[in-house]
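Q:
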Amino acid sequence: MKAAIVGIAGPELSRAEAAMLAAHRPAGVILFARNVREPGQLRALTAALRRVLPAGAVLMVDQEGGRVARLRPPHWRAHPPAAALGALFAADPRAGLRAAWITGALIGQDCADAGFDVAAAPVLDLSFPGAHDVIGDRAFAADPVRVARLGRAVAAGLLAGGIQPVAKHAPGHGRARADSHLELPRVDAPDLSADFLPFALNTDIPWAMTAHILYTALDPKRPATLSPDVIGSVIRNRIGFGGVLVTDDLAMRALSGQPGELALAALAAGCDIALFCPGEAEPTAALLAACPEITPRAATRLAAGRALARRRRLALDGPALADERDRLLA
28 MKAAIVGIAG
38 PELSRAEAAM
48 LAAHRPAGVI
58 LFARNVREPG
68 QLRALTAALR
78 RVLPAGAVLM
88 VDQEGGRVAR
98 LRPPHWRAHP
108 PAAALGALFA
118 ADPRAGLRAA
128 WITGALIGQD
138 CADAGFDVAA
148 APVLDLSFPG
158 AHDVIGDRAF
168 AADPVRVARL
178 GRAVAAGLLA
188 GGIQPVAKHA
198 PGHGRARADS
208 HLELPRVDAP
218 DLSADFLPFA
228 LNTDIPWAMT
238 AHILYTALDP
248 KRPATLSPDV
258 IGSVIRNRIG
268 FGGVLVTDDL
278 AMRALSGQPG
288 ELALAALAAG
298 CDIALFCPGE
308 AEPTAALLAA
318 CPEITPRAAT
328 RLAAGRALAR
338 RRRLALDGPA
348 LADERDRLLA
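FYI, the numbering for the sequence shown is 28 to 357, going by our numbering.
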């Protein structure tokens with residue numbers, strides 16, 4: 028199984044894509060709005076992907092709630108942005124944590140029913156005045172302990188729904204004054220301990236995603252995704268994260284270079300899996316051809332995440348939980 032998760036082009040798996048996935052055996056596929064029409068179509072697509080992917084591969088979706096949601100009404104539930112949960116916590120911590128858990132549980136239920144294993148949530152980045160709004164209301168709050176508690180509640184809810192959560196974007200995207208989808212943000216702050224804290228308090232979340240940000244105090248030359256110093260010294264050692272570390276999308280303009288070269292650099296820096304989302308045939312095939320097999324350590328981390336989701340999954344009454352959350356947020 029290759030150390031990559033890739034996107035596909037549309038709402039159906041083409042013959043060429045099926046052949047590519049069968050030949051290269053990636054660690055998973057990530058789906059976006061372009062791949063999603065309605066529940067029946069999505070279940071057929073995830074089933075088709077299961078038939079060609081290797082055993083143990085995952086299906087991932089970006090489903091945070093708020094503006095980052097690939098499963099949307101009228102076919103799926105709408106979910107509040109993280110900032111709304113943070114505002115409720117500020118008024119009533121107990122209600123905020125309950126609403127955060129319910130939100131994770133409902134997202135988890137929706138995703139699991141559609142055939143997914145992993146949802147790229149929660150965001151553990153801090154809210155900073157003057158930062159770019161690429162994070163914005165995706166952040167729970169400015170206080171790192173508050174962010175940690177709310178992120179933990181969402182992650183626990185996702186696991187209750189049968190979905191593995193992903194803490195993002197390590198070691199912290201909140202200070203960025205540029206959108207890493209468009210350019211490489213540079214963070215010059217000398218002390219990033221507050222940014223690290225939500226991740227350090229949630230090291231048992233099974234997955235984390237790296238940030239495409241240049242932190243000059245940590246590595247003045249390489250963005251976090253490509254930096255052995257940031258990944259090894261900070262994410263793995265100082266923060267203490269031991270789960271599956273996946274890159275943010277290597278097609279984002281924060282990074283420059285060919286997809287295969289970027290994947291190799293990220294894996295050499297210490298990431299477990301390279302993520303490449305566009306779904307375009309030629310660059311996806313090139314990246315998969317360049318990627319090595321996942322390491323035994325990464326395979327163990329993947330298996331641990333699957334086992335955790337199986338153990339933590341609960342039988343959920345979705346309509347009752349949705350009604351309760353509506354009352355809490357009213």
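From the three backbone atoms N, C-alpha and C, an ideal C-beta is built for every residue, glycine too.
Determine the closest residue to L186 out of L133, G287, R204, with distance taken between C-alpha atoms.
A: Out of L133, G287, R204, L133 has the C-alpha closest to the C-alpha of L186.
Q: State whether the segment 63–78 contacts the segment 109–119, with contact taken as three or more CB pairs (one from each stretch) at a distance under 8 Å.
A: Output reads no: the segment 109–119 does not touch the segment 63–78.
Q: Cα-Cα, which of E44, D152, R338, A168 is closest to A117?
A: Of the listed residues, the one whose Cα sits closest to A117 is A168.
Q: Candidates D119, D137, I35: which alpha carbon is nearest E65's?
A: The residue with the shortest Cα to Cα distance from E65 is D137.
Q: Mind reading off the beta-carbon distance from A316 to G345? Whole number of angstroms is fine, and I expect it under 8 Å.
A: Not confirmed; about 42 Å, so no contact.
Q: For R54, which option in T130, A221, V145 has the closest C-alpha, if you only look at C-alpha atoms?
A: Checking the sequence shown, residue 54 turns out to be Ala, not Arg. Checked all of T130, A221, V145; the closest Cα to A54 is V145.
Q: Could you check if E91 is buried or exposed, using at least 16 other CB atoms within 10 Å of its CB as the buried criterion?
A: It is buried - the Cβ of E91 has at least 16 other Cβ atoms within 10 Å.
Q: For the alpha helix (DSSP H) that contains H196, what are its first and last residues?
A: Premise fails: H196 lies in the beta strand (DSSP E), 191–197, not in any alpha helix (DSSP H).
Q: Do A203 and A158 count as a contact pair if the criterion is CB distance below 8 Å?
A: Their beta carbons are under 8 Å apart, which means A158 touches A203 by this criterion.
Q: Can you tell me whether V172 is buried or exposed? The criterion is at least 16 other CB atoms within 10 Å of its CB, across all chains shown.
A: Answer is exposed; the Cβ neighbour count stays below 16.
Q: Are the Cβ atoms of L241 and D276 separated by less than 8 Å?
A: Cβ atoms of L241 and D276: not closer than 8 Å.
Q: Alpha carbon to alpha carbon, what distance is there between A36 and P101?
A: The straight-line gap from Cα to Cα measures roughly 23 Å.
Q: Give the list of continuous alpha helix (DSSP H) stretches no shorter than 4 residues that lie fully inside the segment 218–262.
A: Complete alpha helix (DSSP H) runs here, min 4: 220–227.
Q: I'd like the list of long-range same chain contacts for A45, defined as Cβ closer than 7 Å, with 5 residues on each side in sequence excluded.
A: V79, listed in sequence order.
Q: Are there 16 or more other CB atoms within 10 angstroms of the CB of G267, so buried, or fewer, so exposed?
A: Burial call: exposed.
Q: Near S207, which residues of its chain fall below 6 Å by C-beta distance, leaving aside the five closest residues on each side in sequence?
A: Result list for S207: H239, M279, A281, in chain order.
Q: Out of G270, V161, D246, L153, state which residue places its alpha-carbon closest to the alpha-carbon of L224.
A: Among G270, V161, D246, L153, the Cα nearest to that of L224 belongs to L153.
Q: May I ask you to report which of helix, strand or coil DSSP gives L58?
A: It is a strand residue.
Q: Where does P156 land, buried or exposed, given buried means 16+ other C-beta within 10 angstroms?
A: With fewer than 16 Cβ atoms within 10 Å of its Cβ, P156 is classed as exposed.
Q: Quick one: using the 10 Å Cβ neighbour count with 16 as the cut-off for buried, is S41 buried or exposed?
A: S41 comes out exposed.
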